Amino acid sequence: MERKKSVLVLAHSYASFVKDQVESFSHHFSQVTVLVRLNPLAEIASFIPIEKAKPFQRKEKIDLSSIPENIKVIPLPIFYLPFAKSYLKLGEQHFKKALRAIERHQIQFDLIYCHFVWSAGYAGARLKETFHKPLVVTGHGYDVYSLPFKNEHWRYQITWTLNQADQVITVSQSNRNILRSLDISCPIEVIPNGVSKSLFEVQDQAACRRELAMPQDQKIILAIGNLLPIKGHELLISAFDLVDQEQRSCHLVIIGSGECLPLLKKQASQLGLADKITFTGAIAHDQLQTWINGADLLAMPSKKESFGVVQIEALACGVPVVATKNGGSEEIITSDTVGYLCEEHTATSFSKSLLKALNKSWDSQKISTFAEPFHWENISVKIMTKIDALC
12 MERKKSVLVL AHSYASFVKD QVESFSHHFS QVTVLVRLNP LAEIASFIPI EKAKPFQRKE
72 KIDLSSIPEN IKVIPLPIFY LPFAKSYLKL GEQHFKKALR AIERHQIQFD LIYCHFVWSA
132 GYAGARLKET FHKPLVVTGH GYDVYSLPFK NEHWRYQITW TLNQADQVIT VSQSNRNILR
192 SLDISCPIEV IPNGVSKSLF EVQDQAACRR ELAMPQDQKI ILAIGNLLPI KGHELLISAF
252 DLVDQEQRSC HLVIIGSGEC LPLLKKQASQ LGLADKITFT GAIAHDQLQT WINGADLLAM
312 PSKKESFGVV QIEALACGVP VVATKNGGSE EIITSDTVGY LCEEHTATSF SKSLLKALNK
372 SWDSQKISTF AEPFHWENIS VKIMTKIDAL C
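Here is the structure:
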């Protein structure tokens with residue numbers, strides 16, 4: 012039976028895991044309205060090659076493909092600078108923009124659902140004060156393990172926001188442990204991110220490589236993620252250099268855009284690896300399946316991850332994962348039948364894990380089956396159980 016209730020979603024994007032999650036539970040509601048925070052300043056990357064701004068452009072943050080009829084996505088343009096003082100003011104700006112959008116579009120809702128504690132969660136908490144509707148806040152990454160510990164002001168803002176929620180959801184046990192160290196009185200539930208089984212499934216590797224003009228006779232290591240310092244691509248390239256010295260028929264493909272791109276290209280060139288490392292730039296989410304299925308393994312060299320969605324996307328495609336112990340990967344790569352966890356965050360240690368994975372014969376169907384509990388149809392049931400208790 013279709014629910015006759017409506018939900019208001021506040022998010023910083025409508026793409027990837029946010030889009031997939033919202034669409035996985037949308038059929039339970041008569042209407043889903045998604046207010047997406049955008050920074051118009053990021054559009055400068057369309058005219059000037061500023062890598063840092065590219066992941067924040069509208070074309071990267073809003074994906075309206077195959078969207079259900081009962082979902083309406085409304086952009087919220089909010090100008091802010093990437094500096095601490097500006098970011099501190101963003102929560103109140105976000106709230107005021109959301110409030111104006113609600114009034115302008117006459118949005119009706121029975122529940123507020125927020126992705127990320129800051130600034131969407133804060134805006135949601137302020138809207139709860141105004142409209143007296145139940146509030147769910149999902150803490151994902153930096154908003155959990157970084158912001159509350161910058162200083163006392165940030166700790167207060169994050170703690171206050173979470174304490175306004177009727178239900179807090181976070182994506183990993185490591186995140187939950189961090190949240191429990193704060194003075195938070197509301198319930199905290201661990202519900203991981205999910206994977207779309209229609210987008211990510213096992214495909215023929217050779218066919219995928221032909222489609223992408225990838226070499227058939229080489230081992231291909233794939234990395235996917237924004238090119239930021241915390242993602243560890245510098246470590247990956249150093250480790251790949253060591254792998255290349257032992258196994259020459261290897262190629263590294265790095266998908267993503269971001270501020271580290273010039274430095275990573277320079278590193279590859281200095282190591283003499285420019286012809287063995289491909290930087291593709293950003294790739295649309297619905298095209299990643301072909302790249303993943305064309306690879307022999309996925310590398311996740313992050314210094315810190317709250318979860319790491321691309322890992323379960325790789326597993327759903329039957330591709331093994333080699334990851335650092337970064338907080339999130341330990342809760343996904345729990346068996347040597349699906350990948351390896353690197354014991355030390357060093358190039359030497361990571362290269363050994365990569366070589367071990369490259370030299371192993373993997374069972375792609377077993378890996379894909381391992382990912383089934385992460386299918387959105389299973390994850391959405393857990394989310395709806397929490398929502399049903401509130402409205």
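Under the working numbering, the residues of the sequence shown are numbered 12 to 402, in order.
Where is the CB? At the ideal position from N, CA and C, for every residue including glycine.
No experiment lies behind these values; they were computed from the predicted model shown.
The beta carbon of Q376 sits closer than 8 Å to the beta carbons of V213, G329 from its chain, once the five residues preceding and following it are set aside; these are given in chain order. With fewer than 16 neighbouring CB atoms inside 10 Å of its own CB, D374 falls in the exposed class. In this structure, DSSP gives M225 a state outside helix and strand, which the three-state scheme calls coil. Where I82 is concerned, the enclosing beta strand (DSSP E) starts and stops at 82-88. Spatial neighbours of D74 in its own chain (CB-CB distance under 6 Å, excluding positions within 5 residues in sequence) are listed in chain order as A26, K30. Judged by DSSP secondary structure, I113 falls within the alpha helix (DSSP H) whose first and last residues are 95-116. In the DSSP assignment, T335 falls outside any alpha helix (DSSP H) and within the unbroken beta strand (DSSP E) covering 332-335. Contact between V206 and A382 holds: CB atoms are separated by about 6 Å, below the 8 Å threshold. Leaving aside the five residues that flank N50 on each side, the residues in its chain whose CB is nearer than 7 Å to its CB run, in chain order, F67, I89, F90, Y91. In the structure shown, the three-state DSSP call for Y91 is coil. Inter-segment contact for the region 306-315 and the region 330-340 is present: three or more beta-carbon pairs are separated by less than 8 Å. In the displayed model, E212 falls within coil according to three-state DSSP, outside both helix and strand.
In this structure, the straight-line span from the alpha carbon of A176 to that of V43 is close to 19 Å.
For T141, the three-state secondary structure derived from DSSP is helix. In the three-state reduction of the DSSP assignment, H356 falls in the coil class. Contact check for L210 against D154 fails: the beta carbons are separated by 8 Å or more. Between F120 and S17, the C-beta spacing is below 8 Å. The shortest CA-to-CA distance from L52 to any of R69, F36, S37 is the one to R69. Taking a C-beta distance under 8 Å as the contact criterion, P159 and T170 qualify as a contact pair. Collapsing the DSSP output to three states places I202 in coil. Residue pairing by DSSP places F361 opposite no residue, since no beta bridge is assigned to it. Taking each of F385, I231, R259 in turn and checking the Cα distance to S183, the smallest one comes out for F385.
With respect to P203, Q178 sits apart: the two C-beta atoms are not nearer than 8 Å. As the crow flies, the alpha-carbon of W302 is around 11 Å from that of A218.
Look at the region 272-356 and you find these whole runs of beta strand (DSSP E), each 3 residues long or longer: 288-292, 308-311, 332-335, 350-353. Membership of R191 in the alpha helix (DSSP H) is indicated by the continuous run 184-191. If you compare the alpha carbons of K336, R259, E341, L99 with that of Y167, the shortest gap goes to L99. Within the DSSP secondary-structure output, H126 pairs in a beta bridge with T149.
When the Cα atoms are used, L138 and I398 turn out to be separated by approximately 17 Å. If the five residues before and after Q104 are omitted, its C-beta is found closer than 8 Å to the C-beta atoms of I89, Y91, S130, all from its own chain and listed in chain order. Setting aside the 5 residues that flank it on each side, D228 is surrounded in the same chain by S260, each with a C-beta closer than 7 Å to its C-beta; the list follows chain order.
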